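Below is one structure, written out as structure tokens, with a few remarks after it.
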Amino acid sequence: MAAGFKTAEPLEYHRSFLKENCRSDGRELSEFRTTTLNIGSISTSDGSALVKIGNTTVICGIKAELANPTVESPGKGYMVPNVDLPPLCSSRFQAGPPGEQAQAASQFIVDVIESSEMIQTEDLCIERGKLCWVLYCDLMCLDYDGNVLDACIIALLAALKNTQLPEVKINTETCLPEVTSEKKHRLKIYRHPVGASFGIFDDSILIIDPTAEEEILLTAQLTVVTDEEGRLCSVHKPGGTSLSGEKLQECITRATTRQKEIQKLIDKVIESVKTAQ
Amino acid sequence: MTSFTCDESVSLCEGNMMEVCGSTDSCLREFGCEQSLLSRPDGSASFVQGDTSVLAGVYGPAEVKVSKEIYDRATLEVLVQPKVGLPTVKERSQEQCVRETCEASLLLTLHPRSSLTLVLQVLHDDGSLLSCSLNAACMALMDAGLPMSCLFCGVTCAIDADGRIITDPTAAQEKESRALLTFAVDSTERKVLMSSTRGSFSVHELQQCIAVSQKASEKIFQFYRDSVRRRYSKTL
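Quick look at the structure:
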């Protein structure tokens with residue numbers, strides 16, 4: 001009976017739960033789904049991480065390549081993030097060129113990397129104007145159950161923390177780069193941005209970490225990205241119904257506590273990976 | 001396009017109107033708008049903010065592709081065309097922002113199973129492009145006579161290295177700024193419909209920027225009102 005009601009009247013179905021201050025999956029309004037993290041999942045990549053928020057699964061692989069620095073910034077390396085939402089992860093995505101949501105997500109990740117300054121691109125430069133690292137950060141969603149932006153940021157941050165780059169020296173005689181694969185060093189991460197996504201239901205009810213079912217019914221979505229110092233790196237609200245100042249403040253406070261939780265989780269997983277080795 | 005002067009003057013050009021809001025206050029650059037300047041679209045407008053200029057055209061309600069049909073409301077499609085080259089990922093993300101803002105203010109349920117297309121052509125970018133696109137979009141939707149629950153406008157704020165807030169920055173000011181925030185404000189409650197940010201900033205700075213944008217939006221809404229009033233006072 002309940003299943004039929006859910007299919008026929010999804011909006012009414014969710015409303016009946018929200019009226020009682022809970023959600024259809026048993027969560028409270030301001031409760032995240034369980035977040036699990038696995039670091040170093042892809043052994044062939046330079047850095048990787050797999051994140052699960054409830055059913056939503058995002059895997060991030062980082063591939064480092066040597067390249068020529070751009071003419072505009074000869075002293076800097078660069079990062080190329082890409083978010084892929086393949087048809088595998090949900091029926092709402094079709095095969096072929098990336099859709100609007102995937103492109104918007106990629107742009108969002110680019111903005112977060114730039115705004116938070118989590119990595120100094122100067123660190124990726126090997127020799128000014130000649131050689132630098134380029135980090136291809138590929139984020140792939142394996143299971144789409146809402147809130148993919150949060151999962152992407154966590155996966156990216158964890159994968160970057162896991163990344164090890166080999167030492168490269170330029171031979172003065174031959175002018176060719178020589179890679180010492182034995183000597184590897186970790187990337188320095190300056191700041192740790194973490195996002196928290198919110199949804200507005202029926203123009204007024206604020207819910208956190210929406211599932212795919214809830215996402216379709218939301219009238220607005222909001223993602224707040226904060227770092228460990230409590231500075232805001234992004235307040236991304238692509239549209240939808242308006243949000244009052246008090247609600248926004250509530251979201252920011254929740255995002256700051258979320259940042260602390262996730263940073264603790266990442267540190268714990270990295271520590272356990274180190275002891276296992 | 002009609003040339004226009006700095007003072008609050010109105011010039012008529014073949015039934016179209018070009019209006020300019022003189023910027024006595026330094027917080028916004030001089031801005032102006034021309035409505036129904038294109039003959040083919042159902043509504044069109046060009047919006048100029050300083051040297052930034054965007055041309056918008058609206059088609060619809062029209063027939064919709066079966067794959068995009070929504071049974072209880074109209075499908076809105078937004079296309080952003082850059083000045084040179086093909087649309088990139090950046091334009092896609094702008095399209096998403098403009099589309100979802102328009103969806104919130106348009107009464108789409110009045111036209112189920114139909115399509116609305118909004119095309120935004122960037123004519124020149126000298127900073128605050130997203131806010132100019134939003135303003136052009138709103139003027140074009142008004143010109144098309146589509147039912148809306150409220151109007152909206154875009155305001156861009158830049159925070160410079162000293163922490164000062166500059167509204168409606170030029171491209172040079174944007175480049176020097178530490179953070180750049182764009183908001184869409186609705187006309188009924190002056191609440192934030194859309195927010196898109198770049199760079200890092202504190203909570204206090206965010207609140208300041210929202211307050212400044214809400215104040216600046218009054219000017220733009222007054223301009224909308226004046227321009228529509230002038231336009232229809234001639235025809236009615």
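Which chain is which? The protein sequence lines are C and S, in order.
Counted from 1, the first sequence has number 54 at position 54 by full-length UniProt numbering; the numbering is strictly sequential.
Counted from 1, the second sequence has number 214 at position 214 by full-length UniProt numbering; the numbering is strictly sequential.
We treat Cβ as the ideally placed atom computed from N, Cα and C, and that holds for glycine.
On a predicted model such as this, the values are computed, not experimentally measured, just so you know.
Residue burial classification, C:ALA276 (beta-carbon count within 10 angstroms, cutoff 16) = exposed
Who does C:VAL179 pair with in a DSSP beta bridge?
-> C:VAL168
Measuring CB to CB, does C:ALA159 end up less than 8 Å from C:CYS137?
-> yes
Helix or strand or just coil, what does DSSP make of S:PRO84?
-> The sequence shown places Val at residue 84 of chain S, not Pro. The answer is coil: DSSP assigns S:VAL84 none of H, G, I, E or B.
Keeping to the same chain, check which residues put their C-beta closer than 8 Å to that of C:TYR190; ignore five residues upstream and five downstream.
-> GLU117, MET118, ILE119, GLN120
According to the Cβ coordinates, are C:LYS150 and C:ALA196 closer than 8 Å?
-> Per the sequence shown, the amino acid found at residue 150 of chain C is Asp instead of Lys. A contact, by the Cβ cut-off of 8 Å.
Measure the alpha-carbon distance for S:VAL203 versus C:ILE252 and round it to whole angstroms.
-> 8 Å
Mind checking whether S:LYS191 and C:SER24 have CB atoms under 8 Å apart?
-> no
Exposed or buried, C:LYS52, counting other C-beta atoms within 10 Å across all chains shown (16 or more means buried)?
-> buried
Flag S:GLN35 as yes if its beta-carbon sits less than 8 Å from any beta-carbon of chain C, otherwise no.
-> no
Contact list for C:ILE252 against chain S, beta-carbon separation under 7 Å | VAL203
Straight-line CA distance for S:ALA184 to S:SER195?
-> 7 Å
Nearest neighbour of C:GLU229, chosen from C:PRO210, C:GLU246, C:VAL194, C:ASP203 [CA to CA] | C:VAL194
Count the C-beta pairs between the stretch 40–47 of chain S and the stretch 175–184 of chain S that are closer than 8 Å, then say yes if the count reaches three, no if not.
-> no
Would you identify the three-state DSSP class for S:GLY22, choosing helix, strand or coil?
-> Low per-residue confidence applies at S:GLY22: pLDDT is 45, beneath 50, and the placement is therefore not dependable enough to give any value.
Cβ atoms of C:ILE208 and C:ILE32: under 8 Å apart, would you say?
-> One detail in the question is off: residue 32 of chain C reads as Phe in this sequence, not Ile. Their beta carbons are under 8 Å apart, which means C:PHE32 touches C:ILE208 by this criterion.
In or out: S:GLU100 buried (at least 16 other Cβ within 10 Å) or exposed?
-> buried
For C:GLU167, the nearest candidate out of C:ILE126, C:LYS130, C:HIS192, C:LEU142 (CA to CA) | C:ILE126
Can you pull the chain S residues whose beta carbon is under 9 Å from the beta carbon of C:ARG258, in chain order?
-> The premise fails here: C:ARG258 is roughly 15 Å from chain S at the closest Cβ pair, so nothing lies under 9 Å.
In whole angstroms, what is the alpha-carbon distance linking C:PRO69 and C:LYS169?
-> 16 Å
For C:VAL235, which residues in chain S fall below 7 Å Cβ to Cβ?
-> SER195, THR197, LEU206
Going along chain S, which residues have a C-beta under 7 Å from C:ASP111?
-> ARG198
Beta strand (DSSP E) segment containing S:ASP186, residue limits = 179–186
If you compare alpha carbons, which of S:ALA211, S:SER227, S:GLY57 is closest to S:GLU77?
-> S:GLY57
Buried versus exposed call for S:ALA62 [16 or more other C-beta atoms within 10 Å across all chains shown] = exposed
Is the distance from the Cβ of S:GLY127 to the Cβ of S:THR170 below 8 Å?
-> yes
With distances taken Cα to Cα, identify the nearest neighbour of C:ALA49 among C:ILE39, C:SER43, C:ASN55.
-> C:ILE39
Provide the residue(s) that pair with C:PRO74 in DSSP beta bridges, ordered along the chain.
-> Answer is none; C:PRO74 lacks a bridge partner.
Using 8 Å as the limit for Cβ to Cβ distance, is C:PRO238 near chain S?
-> yes
Per DSSP, the bridge partner or partners of C:GLY47 = C:ILE62
Nearest chain S C-beta to C:LEU88 closer than 8 Å, yes or no?
-> no
Tell me where the alpha helix (DSSP H) around residue 238 of chain S begins and ends.
-> Outside the shown range of chain S (1 to 236) lies residue 238 of chain S, about which nothing can therefore be said.
Under a three-way DSSP split, which group does C:PRO238 fall into?
-> coil
Own chain residues within Cβ distance below 7 Å of S:SER26, not counting five before or after | Since pLDDT at S:SER26 reaches only 48, below the 50 mark, its modelled position is unreliable, and the value read off the structure follows with that caveat. No residues qualify anywhere along the chain.
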